[in-house]
Amino acid sequence: MTESSKSGIIAARLRNYFLTGLIICAPLAITVWLVRSFIEWADGWVKPYLPSFYNPDNYLPIAIPGFGLLVAVVVITLVGFLTANLVGRSIINFGESLLNRTPLVRSIYKSLKQIFQTVLQDQSSSFKRAGLIEYPSPGLWSLVFIATDVKGEIAARFDERGMDMVTVFLPPTPIPTAGFLLFVPRDKIIPLQMSAEDAAKLLISGGLVAPDYNPLANAPPRAIKQQESV
1 MTESSKSGII AARLRNYFLT GLIICAPLAI TVWLVRSFIE WADGWVKPYL
51 PSFYNPDNYL PIAIPGFGLL VAVVVITLVG FLTANLVGRS IINFGESLLN
101 RTPLVRSIYK SLKQIFQTVL QDQSSSFKRA GLIEYPSPGL WSLVFIATDV
151 KGEIAARFDE RGMDMVTVFL PPTPIPTAGF LLFVPRDKII PLQMSAEDAA
201 KLLISGGLVA PDYNPLANAP PRAIKQQESV
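As numbered in UniProt numbering, residues 1 to 230 make up the sequence shown, in order.
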């Protein structure tokens, strides 16, 4: 074996070692960075509003990361506990009545509250299922998240024309936080067995990370039934 071939083999091994280490270290480093950024963001929002006595940064030699996030979790849980009883619910209703009297704040608050109620309720399957639609042109297919049945005036207009429609969200790649809201006929959606989390991984990776699928072990995906997300 010549010196050049030995050098080539060593270079190839070093490259493979580097790529293997990168595959392991890069996701870990990005995860740590995202978690740290979120904790610092939460601390930056919460700690300035804490009384001096309750802020550990005022009497400890080092800052405690995540204390603001912990306080936020406790406060949110306490609000949920108070809302579950009559007295707490009365206080919440009084606060909401004040917000409802403010024109701009009222619209923003109502919209955000409705979104959180729809997404976070246990009985709701909104955005928990993925599907395929023929978009943007015949023969081309896009991955979507199935939201819910069309509601309100839009549903009434479709019903007048005998159209059974479903609301879906079409996210872009690789950042699926923005996208398009589409109203699609129910029979034009191909439901998928994969979870919403696996669909998000597929989108973020640009199709490189696809979930495992065994057609013998996985049951066929159930059809999108009317009002199943309510």
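Backbone N, C-alpha and C fix where the C-beta goes; we use that ideal spot for every residue, glycine too.
Since this is a predicted model, take the numbers as computed values, not measurements.
Runs of the beta strand (DSSP E) lying entirely within the region 116-191 and spanning at least 3 residues, in chain order: 129-134, 141-149, 165-170 and 180-185. The residue from Leu-202, Ile-24, Gly-162 and Ser-111 with its alpha-carbon nearest to that of Pro-176 is Leu-202. When beta bridges are read from the DSSP output, Ser-195 appears opposite Arg-129.
Between Pro-191 and Asp-164, the beta carbon gap of about 15 angstroms keeps them out of contact (Cβ cut-off 8 angstroms). Annotated three-state conformation of Tyr-17 is helix, per DSSP. By the Cβ-count criterion, Phe-94 is exposed, with fewer than 16 other Cβ atoms from all chains shown falling within 10 Å of its own Cβ. In the three-state DSSP reduction, Ser-37 falls in the helix class (H, G or I).
According to the DSSP assignment, Thr-102 belongs to no alpha helix (DSSP H), since it is labelled neither H nor E. Only residues of its own chain outside the window of five on either side were considered, and among them Ile-133, Tyr-135, Val-144, Thr-167, Val-168, Phe-169 and Leu-170 have a CB closer than 8 angstroms to the CB of Leu-182, listed in chain order.
In the three-state DSSP reduction, Tyr-109 falls in the helix class (H, G or I). When DSSP states are grouped into helix, strand and coil, Ala-210 belongs to the coil group. If you compare the alpha carbons of Ala-178, Asn-214, Val-32 and Lys-188 with that of Ala-200, the shortest gap goes to Ala-178.
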